[in-house]
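For reference, the structure discussed in these notes is given below.
Residue numbers (the working numbering): 27 to 153.
See the structure below:
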């Protein structure tokens, strides 16, 4: 027997809004069964996990204990940072180094932190 992770679940203040943000970031889709105002929103991602967003009354108060490290596949780290900021993310910390290594920490529209790393091509170029 095996056990699998069915969803990665986020507690949030607006399930559909946050789910829609992450669907854009990950180039996925919010389930056709979900709509604005619903207490839950399910997001499928191409080749990745399913994300479940659940509306709760509690506010986020501390740093995430678990977060995503995103690695762009068809663009550079810097292009991905700009794209995700344009979708509504905010810059938390910039850990990029002059030699091209490093990462950027961003926060989604509800303040959940995540990182954007270098692409595979960028990693190979500095190896």
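Cβ coordinates follow ideal geometry from the N, Cα and C atoms, glycine included. What you are looking at is a predicted structure, and each value in this text was computed from that prediction instead of being measured.
- Taking 8 Å as the upper bound for CB-CB distance, residue 132 and residue 116 are in contact here, some 6 Å apart.
- As computed with DSSP, residue 81 is found in a beta bridge with 38.
- In the displayed model, residue 88 falls within coil according to three-state DSSP, outside both helix and strand.
- Of 57, 83, 82 and 63, the smallest CA-CA separation from residue 71 is found for 57.
- In the three-state reduction of the DSSP assignment, residue 66 falls in the strand class, which pools E and B.
- DSSP places residue 47 within a helical segment (H, G or I) once states are collapsed to three.
- Here residue 138 is buried. Its C-beta has 16 or more other C-beta atoms within 10 Å.
- For residue 66, same chain residues with a beta-carbon under 8 Å away, outside a window of 5 residues either side, are 41, 60, 78, 79, 80 and 81 in chain order.
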